[in-house]
Each structure stands twice: as structure tokens, then as C-alpha cells.
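S.K.: Going by my numbering, the first residue of the sequence shown is number 3, and it counts up by one from there. In this text, a Cβ means the ideal position worked out from N, Cα and C, and glycines have one as well. Attaching a single structure in C-alpha cells format; questions to follow.
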Amino acid sequence: MSTTHEPLLRLRGLSTDIRLRRDAVHALDRVDLHVDQGETLGIVGESGSGKTMTVLSVMGLLPAGGQVVGGQILFDGRDLRDLDPKRLRRVRGAEMGMVFQDPLTSLNPTMRIGAQVAEPLRVHQGAGRAEARERAVEILRRVGMPRPDKIVDDYPHQLSGGMRQRVVIAMALIRSPRLLIADEPTTALDVTTQRQILDLIDDLREEFKMAVILVTHDLGVIAGRADRVAVMYGGRVVETATTADLFASPRHRYTEALMRALPESAADGRLYSIPGMPPDLSRPLTGCRFAPRCAFAADDCRTTDVTLTPAGPGHEHACLHPVAEPVPLTAAAGRPRLARDPAEPVLAVRDLVKEYDTGGLGKTAARVSAVAGVSFDVGPGETLGIVGESGCGKSTVGRLVAGLETPTAGRIVLDGADTAALDPRARRRMHRQVQLMFQDSYAAMNPRMRVDAILTEPLEIQRVGDAAARRARAAELLDQVGLPRRALERYPHEFSGGQLQRIGLARALALRPRLIVADEPVSALDVSVQAQVLNLMRDLQRDLGLSYVFISHDLSVVDYMADRVGVMYLGKLVETGPAHEVVRTPRHPYTRALLDAVPTPDPGHTPTRGTAIEGELPSALDPPTGCRFRTRCPLAQDICATEPTLQGDTHQVACHFPLRQERPAVA
Numbered sequence: 003m004s005t006t007h008e009p010l011l012r013l014r015g016l017s018t019d020i021r022l023r024r025d026a027v028h029a030l031d032r033v034d035l036h037v038d039q040g041e042t043l044g045i046v047g048e049s050g051s052g053k054t055m056t057v058l059s060v061m062g063l064l065p066a067g068g069q070v071v072g073g074q075i076l077f078d079g080r081d082l083r084d085l086d087p088k089r090l091r092r093v094r095g096a097e098m099g100m101v102f103q104d105p106l107t108s109l110n111p112t113m114r115i116g117a118q119v120a121e122p123l124r125v126h127q128g129a130g131r132a133e134a135r136e137r138a139v140e141i142l143r144r145v146g147m148p149r150p151d152k153i154v155d156d157y158p159h160q161l162s163g164g165m166r167q168r169v170v171i172a173m174a175l176i177r178s179p180r181l182l183i184a185d186e187p188t189t190a191l192d193v194t195t196q197r198q199i200l201d202l203i204d205d206l207r208e209e210f211k212m213a214v215i216l217v218t219h220d221l222g223v224i225a226g227r228a229d230r231v232a233v234m235y236g237g238r239v240v241e242t243a244t245t246a247d248l249f250a251s252p253r254h255r256y257t258e259a260l261m262r263a264l265p266e267s268a269a270d271g272r273l274y275s276i277p278g279m280p281p282d283l284s285r286p287l288t289g290c291r292f293a294p295r296c297a298f299a300a301d302d303c304r305t306t307d308v309t310l311t312p313a314g315p316g317h318e319h320a321c322l323h324p325v326a327e328p329v330p331l332t333a334a335a336g337r338p339r340l341a342r343d344p345a346e347p348v349l350a351v352r353d354l355v356k357e358y359d360t361g362g363l364g365k366t367a368a369r370v371s372a373v374a375g376v377s378f379d380v381g382p383g384e385t386l387g388i389v390g391e392s393g394c395g396k397s398t399v400g401r402l403v404a405g406l407e408t409p410t411a412g413r414i415v416l417d418g419a420d421t422a423a424l425d426p427r428a429r430r431r432m433h434r435q436v437q438l439m440f441q442d443s444y445a446a447m448n449p450r451m452r453v454d455a456i457l458t459e460p461l462e463i464q465r466v467g468d469a470a471a472r473r474a475r476a477a478e479l480l481d482q483v484g485l486p487r488r489a490l491e492r493y494p495h496e497f498s499g500g501q502l503q504r505i506g507l508a509r510a511l512a513l514r515p516r517l518i519v520a521d522e523p524v525s526a527l528d529v530s531v532q533a534q535v536l537n538l539m540r541d542l543q544r545d546l547g548l549s550y551v552f553i554s555h556d557l558s559v560v561d562y563m564a565d566r567v568g569v570m571y572l573g574k575l576v577e578t579g580p581a582h583e584v585v586r587t588p589r590h591p592y593t594r595a596l597l598d599a600v601p602t603p604d605p606g607h608t609p610t611r612g613t614a615i616e617g618e619l620p621s622a623l624d625p626p627t628g629c630r631f632r633t634r635c636p637l638a639q640d641i642c643a644t645e646p647t648l649q650g651d652t653h654q655v656a657c658h659f660p661l662r663q664e665r666p667a668v669a
């Protein structure tokens, strides 16, 4: 960290408005922050808290109608608000870089990678084409991109999610900035790719002597990576401290609530969820903005404009009735585990295979091995968690089970009936029994349809009831998922992410299915909304006797939700067993590596370098022979070229050298 007195970036009283057609959203209200050279500042909070709006204000990338209306943005002692547009572009183009949440939408799909990485050099430095290309290859190599001299000629769609994120990091670093802003840089990535990207940012911070602002809703990421933390709520900073102090002794009641909502902190088998909704920032607000949702709020909280006050060296909070005792973070009790029902399972999958043909336009046809011989059961009222890296085949398994894809080989038996042997009419009726809950509910809904039409559509397709019965069922579904009935008259864009997931769950329940396939249903949600959705899914499972296939890359979430877990790698199951055994005593080296990559909400836990899985997944066009993990496995030997089979009783592993040592629990 810097030894100079003046920080590299200081925000003083920063206020930002977003002008709408009829009114304005006061997105930021007198925000005070600073970050020193060489330091990582973490900014956390729920969606809508103002954390992204803060960094967009610094970068001058506010959305349409956005304007900084007050305060100072001091970068190396200069107020960026006082600079003319040309000088401002020069500062931001040369001395600041930003990594966005979704690299695919940050990249131009019509431009080659090399041209996009080199563009800042050509625009701000006047570099020639050859020089810019050479520098692009160099920076891509420094961010760990394989074959950078070949990648520069590729397009964004040809790269994996982790590789695209490395590209946008390279773009941000091409001019050696003094400040790197990373806005939710790993939210959409699996845990191993997330670990690689976060390690990369740490290494580059040390190499370039940069300051880093890390914006995230994942407290585990903050705990292991940030030097200091700022907690935001309702457009204001409500607490700031060193990372160690914040996790050891959070003082603001909102910070406490965020920590209690973590899956690792589940008490009595249930997650804590923050009641109510964040404040409407288009309306005048008085008092503490968290007071309407705070169990400890008193009358003075609703009338007093609370400002940051010292709680110790470098620790400030804006709470009139702060936390007195440290918040325990390791009290997780997990879910009550089901005893396996010897009765016929709801779902039985046997030797499932899915291959895709490639080729066309003169290319040689090839076969992609997406799923290769997967078998599992799901019992009545049971949750099977399926985990693995992106590209492992878990979502393909979900689509096959839900009937959206046709297996190349194998059997899917639902309620004793082989779905492949059903005639078209019976197969359509089968869809009543299994439904899919999508990761992005908004993208899965017709934006031109109101919620009542979205919920009644499956009933109409399946010819269930008359119009009046369907409307009554839609109202009943909203009651079940905890939304007001007036939501029936609204459109998808009028809802928050958590509300949209509730609507998506309601739609999946419309036909009263026995099985729901939930494909990454909470991966894009912040921790408090995630807790609400997961608790709701557990409650409905108990009340309706539902079974779930729960697909996720977040092992702490799977540990909370699942009775059993199946770990997939490159189309194959490599380990299965009771969730608490797989998470606490992994037998396969791949499972162990996944668990080691999970961010831990404990500043005292430092990720061990060298334990992350190296390299990208092998191509499913030409998977390795034998154990498919052997090309990345530290324990691999010659015998691994022969394929291992799942061995064991209730806890099975497909490995020639299974692990024996116990591993501390994630929770």
C-alpha cells in the first residue's frame, strides 16, 4: 500500500442523479470514499445500493440521463469534474481501466480480439497497426491467455467466459493504468475460473503497483482479496473499515444482516433473509435508509439523518444502534438430510449420452461429447445438486431431463415411464410432471406479455381448466411465491431480479409438477435476495412434496439446498454422494479443487496459490481418453489413461487414486 499521505482517488460528497421522464433517481447521496495506490478497496451491497453507480460516476460512463450533481472526484489531487472533455478523456483513457461484469456485452462481436485490445493504444497514443498488435499479444500473454498470437485473430464468440474476461482485463491494462475498477468481474463465472481471475487481478496489482476497486455482492470474494471495505446501502456508504475489522466486528445493522444471509451462516437449517425491499431513491427519504427493514430501528432512526461516525481506527459507521457483539459466521447447520426412499424414484437417468454434430459451410463434421454415460436417481421430495465448471455438461443434463433436448443414447424414466417410448401426446403430458427454472428469468419471459399471461400460458398449452380457472390458478401461484396479486397486471421489466425469479418459479409450478430442474437459479442474485429465493424453494418443496435437480457452480449453495450431490467434469459424473459427505470429505481430486476455489467469508483464510486447477477445460470435440480430468490432475499417472468407474456404496468416486484425508467443511 502507498506510503504517501494523499490517496490516489478520493470521493468527497459525491452525488449523482439519473433523470427520468417524470422525476429523478438520486442514485448517490454524498458518498465519501478513498483508495490508496497499491490498495484494493472492496465495495459491497445489494443490487441498487449504489456501488456500480459510484464507479460509473468516476469513469464518466453514467447511463442516459445520469449526471454528477455534487461533490468532488479527486484523482491524484485533480478534480476530474474541473477538467475539459479532452483532458478528461486523456486521464481516463491512460490512467484508469475498468473491467465490466459481462465481458461478452463489453466486447464488439464484429471486431477481432487483437483490434479491441489494441484500440486504446491507437486512440490515445497514436500507435501504428503493427506496434499495437505486438503490444496486444504481449498484454494477452501477461494476463495468462493461452496462445495469444492466435487469439488476437479470433472473435469474442470463439472464446470461453474465462478467456473473454481475460481479454477485457487486458484491454483495461494495455496502457498500464494506475487505477483498475473491477465491477462484479466474476459473478457469472464458475468457482475455478473465478479463482483464476481473482488471482490474476491480485498478481497484476502487485506487478503494475495499481490501486484496485473491487465491486461485488460476494462477501467471500471481499474477505480474501480486499484491504478495506465500504458497505453501501440506498446510495450511501453506511460502514467502512479494514477487511479484518469489518468481518471481526461489523457495526452497522445492514452489514450484520448481509453476513447473516450467507449460506455459510445458516442457523437451524434456514437462511436469514432481510425483510422488505431497498428504498425507492426517486422519493424524498428521511432518517436511516435501512430503518424500514431493520429489526433494531427506533424512533430516532426514522427522523435523524445519520452520518458516518468513528468506531475505531479506520472504522466508521452510520448507525444509531450499532452491533455490540461480533457476528458468528460459522454457525451453519445445513439442511435436514432425507433418508433415501426405497420406493420408486421420481426420476431415473441411465447411461445418458448427448452428442452434437458440428460442421457445415465446408467444415469437416465432428461430434461434441456433451454428456457421456451419466446415471442418477432423484427420489420423492429429494434435491439432487449437480455441480461443475462451465462446459462440464450440467445444464445439458438439465435440458435433457426437462425434455428440451433429445438424448443420443440412454434412458430418462419419469414416474416409471421411459420418456423416449412415449407417443407425442403422452410426451406432452409428461411435461406437466417436470418443469425448468431458468438462470435468467427475464430472458426466459416474453417482455410483451403481462404476468397473468405468462403464468396461464402453460395451462392453456396443456388445456387445463377454463379461462376463469386459469386466472384463479395464476393468483394462487403468486400467493405461493410471496408476490402481491396486483403483480398480475405488470410486465417483466417492472420487477427486480429476485421478484423475477419468484415469477419464474411460479410459472414452473403452474402445472403442479413433481420435479423442477433449477438451472443456476440464484447465481445472478445478491446474497440477501438469494437467501429469500432459496428459503422459498425449500418451503415449497416441503409443502408440495417437490423434487429438485439443482444445478449450480456455488458449492455453499448446493450444500444448503441438496440432499445428494453429483460432481460433473467434461460430460461425466466423477463423484456422487450425500451432500455433507461430498462437501466435507471429497474423494475426487476435481471435487477437492472445486471446494478449494470457493471464496470463504473469512479474512484470515488466504487462498493457497498453486492449488487452483490449471488451464482450460479440454475440448469436448476430442476429450482425453480414460479419466477426462487427468490432463489437469496433479495426481495423474499412466493408469489414468484407462477409464475409472464409479465405485463405492452411497458415496461413489470415479478415480484410480481417490482422496482419503478429510477436508474442513465449507460452512
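1) Quick one: any contact between the segment 648-657 and the segment 567-585, if contact means 3 or more CB pairs under 8 Å?
2) Less than 8 Å between the C-beta atoms of residue 225 and residue 602, yes or no?
3) Under the assumption that residue 275 contacts residue 534 (Cβ atoms under 8 Å), give the Cβ distance between them as a whole number of angstroms.
4) Starting from residue 356 and walking both ways along the beta strand (DSSP E), at which residues does that stretch end?
5) Does residue 116 come out as helix, strand or coil in the three-state DSSP assignment?
6) Going by CA-CA distance only, name the one from 293, 240, 396 and 312 that's closest to residue 305.
7) On the DSSP letters alone, give me the boundaries of the alpha helix (DSSP H) that residue 131 sits inside.
8) Of the residues 163, 651 and 196, which one's Cα is nearest the Cα of residue 598?
9) Distance check for residue 160 and residue 94, CA to CA, integer angstroms please.
10) Taking all protein chains shown into account, decide if residue 356 is buried (16 or more other Cβ within 10 angstroms of its Cβ) or exposed.
11) For residue 495 and residue 659, what's the separation of their Cα atoms in angstroms?
12) With burial defined as no fewer than 16 other Cβ atoms inside 10 Å of the residue's Cβ, what is the status of residue 234: buried or exposed?
13) Under 8 Å Cβ to Cβ from residue 57, same chain only, skipping five residues before and after it: list those, please.
14) Would the segment 628-644 count as touching the segment 548-558 if we require 3 or more Cβ pairs under 8 Å?
15) May I have the straight-line CA-CA distance separating residue 77 from residue 213, to the nearest angstrom?
16) Where does residue 261 fall in DSSP's three states?
17) First and last residue of the alpha helix (DSSP H) that includes residue 473?
18) Taking the alpha-carbon positions, what's the residue 232 to residue 321 distance?
19) Residue 352: which of 414, 399 and 385 sits nearest, CA to CA?
20) Among the residues of its own chain, which have a CB less than 7 Å from the CB of residue 237, if the five just before and after it don't count?
21) Does the segment 469-488 touch the segment 427-445, meaning 3 or more C-beta pairs lie closer than 8 Å?
22) Using the Cα positions of residue 174 and residue 98, report the straight-line distance between them to the nearest angstrom.
23) So the alpha helix (DSSP H) residue 30 belongs to, where does it begin and stop?
24) Residue 560 by DSSP, collapsed to three states: which one?
25) Just the Cα atoms here: how many angstroms apart are residue 193 and residue 223?
26) Within 10 angstroms of its Cβ, does residue 426 collect 16 or more other Cβ (buried), or is it exposed?
27) Please report the straight-line C-alpha distance between residue 50 and residue 281, rounded to a whole angstrom.
28) Looking at C-alpha atoms only, which residue of 474, 507 and 464 is the closest neighbour of residue 484?
29) For residue 532, which residues of its own chain have a beta-carbon under 7 Å away from its beta-carbon, when the five flanking residues on both sides are left out?
30) Can you round the beta-carbon distance between residue 239 and residue 35 to whole angstroms, since I take them to be within the 8 Å contact cut?
31) Relative to the alpha-carbon of residue 153, which residue among 178, 113 and 370 has its alpha-carbon at the smallest distance?
32) Tell me whether residue 178 is buried or exposed, calling it buried when 16 or more other Cβ atoms sit within 10 Å of its Cβ.
33) Rounded to whole angstroms, what is the Cα-Cα separation between residue 359 and residue 623?
34) I need the DSSP call for residue 552, collapsed to helix, strand or coil.
35) Quick one: does residue 598 have its CB under 8 Å from some CB of chain D?
36) Give the straight-line distance between the Cα atoms of residue 643 and residue 550, rounded to the nearest whole angstrom.
M.R.: Reading it off the structure:
1) Yes, the segment 648-657 touches the segment 567-585.
2) Translated into positions along the sequence shown, residue 225 becomes position 223. Translated into positions along the sequence shown, residue 602 becomes position 600. Yes, the Cβ-Cβ distance between residue 225 and residue 602 is below 8 Å.
3) Position 273 of the sequence shown holds residue 275. Position 532 of the sequence shown holds residue 534. Here residue 275 really is in contact with residue 534; their C-beta atoms are around 4 Å apart, less than 8 Å.
4) One-based indexing of the sequence shown puts residue 356 at position 354. Boundaries of the beta strand (DSSP E) around residue 356: 349-359.
5) Within the sequence shown, residue 116 is the residue found at index 114, counting from 1. Taken through DSSP and simplified to helix, strand or coil, residue 116 comes out as helix.
6) Here the question's residue 305 lines up with position 303 in the sequence shown. Comparing Cα-Cα distances from residue 305 to each of 293, 240, 396 and 312, the minimum goes to 293.
7) Locating residue 131 in the sequence shown gives position 129, counting from the first residue. Run containing residue 131: 131-144, per the alpha helix (DSSP H) assignment.
8) By one-based count along the sequence shown, residue 598 stands at place 596. It is 196.
9) Counting from one through the sequence shown, the residue named residue 94 turns up at place 92. Counting from one through the sequence shown, the residue named residue 160 turns up at place 158. Whole-angstrom Cα-Cα distance: 30 Å.
10) Position 354 of the sequence shown, counted from the first residue, corresponds to residue 356. When all chains shown are included, residue 356 counts as buried.
11) Working through the sequence shown from its first residue, we reach residue 495 at position 493. Working through the sequence shown from its first residue, we reach residue 659 at position 657. Rounded to whole angstroms, residue 495 to residue 659 spans 51 Å at the Cα level.
12) Residue mapping note: residue 234 aligns to position 232 of the sequence shown, counting from 1. Buried is the call here.
13) Along the sequence shown, read from residue 1 onward, the residue named residue 57 stands at position 55. Here the set comprises 45, 100, 183, 185, 215 and 217.
14) In short, these stretches do not touch, since the Cβ pair count stays below three.
15) In the sequence shown, counting from the first residue as 1, residue 77 sits at position 75. In the sequence shown, counting from the first residue as 1, residue 213 sits at position 211. Going from the Cα of residue 77 to the Cα of residue 213 covers about 12 Å.
16) As a first step, residue 261 is located in the sequence shown; it is residue number 259 there, counting from the start. It is helical.
17) Here the question's residue 473 lines up with position 471 in the sequence shown. Per DSSP, the unbroken alpha helix (DSSP H) holding residue 473 starts and ends at 469-483.
18) Your numbering for residue 232 matches position 230 in the sequence shown. Your numbering for residue 321 matches position 319 in the sequence shown. A straight line joining the alpha-carbon of residue 232 with that of residue 321 spans about 14 Å.
19) Taking the sequence shown and counting its residues from 1, one reaches residue 352 at position 350. Answer by Cα proximity: 414.
20) For this step, residue 237 is matched to residue 235 along the sequence shown. Close CB contacts of residue 237 within its chain, under the 7 Å cut and outside five residues either way in sequence, are with 28, 29, 30, 31, 52 and 283 (chain order).
21) Short answer: they don't touch.
22) Numbered from 1 along the sequence shown, position 172 holds the residue referred to as residue 174. Numbered from 1 along the sequence shown, position 96 holds the residue referred to as residue 98. Computed Cα separation, rounded: 8 Å.
23) Walking along the sequence shown from the start, residue 30 turns up at place 28. Counting along the chain, residue 30 falls outside any alpha helix (DSSP H), though it belongs to the beta strand (DSSP E) covering 26-37.
24) For the purposes of this step, residue 560 is taken as the residue at position 558 of the sequence shown. In this structure, DSSP gives residue 560 a helical state, which the three-state scheme calls helix.
25) By 1-based counting over the sequence shown, the position of residue 193 is 191. By 1-based counting over the sequence shown, the position of residue 223 is 221. Here the C-alpha atom of residue 193 lies approximately 11 Å from the C-alpha atom of residue 223.
26) Numbered from its first residue, the sequence shown carries residue 426 at position 424. Residue 426 comes out exposed.
27) For the purposes of this step, residue 50 is taken as the residue at position 48 of the sequence shown. For the purposes of this step, residue 281 is taken as the residue at position 279 of the sequence shown. Residue 50 and residue 281 have their C-alpha atoms spaced approximately 9 Å apart.
28) Counted from its first residue, the sequence shown places residue 484 at position 482. The shortest Cα separation from residue 484 among 474, 507 and 464 belongs to 507.
29) For the purposes of this step, residue 532 is identified with residue 530 of the sequence shown, where counting begins at 1. Correct list, in chain order: 524.
30) In the sequence shown, counting from the first residue as 1, residue 239 sits at position 237. In the sequence shown, counting from the first residue as 1, residue 35 sits at position 33. So it is a contact: roughly 6 Å between Cβ atoms.
31) For this step, residue 153 is matched to residue 151 along the sequence shown. Closest by alpha carbon: 113.
32) Numbered from 1 along the sequence shown, position 176 holds the residue referred to as residue 178. Exposed is the label assigned to residue 178, since fewer than 16 other Cβ atoms lie within 10 Å of its Cβ.
33) Against the sequence shown, residue 359 aligns to sequence position 357. Against the sequence shown, residue 623 aligns to sequence position 621. Between residue 359 and residue 623, the C-alpha separation is close to 10 Å.
34) The count along the sequence shown starts at 1 and reaches residue 552 at position 550. The DSSP-derived three-state label of residue 552 is strand.
35) Note that chain D does not occur in the displayed structure, where there is just one protein chain.
36) By 1-based counting over the sequence shown, the position of residue 643 is 641. By 1-based counting over the sequence shown, the position of residue 550 is 548. If you take the alpha carbons of residue 643 and residue 550, they lie about 35 Å apart.
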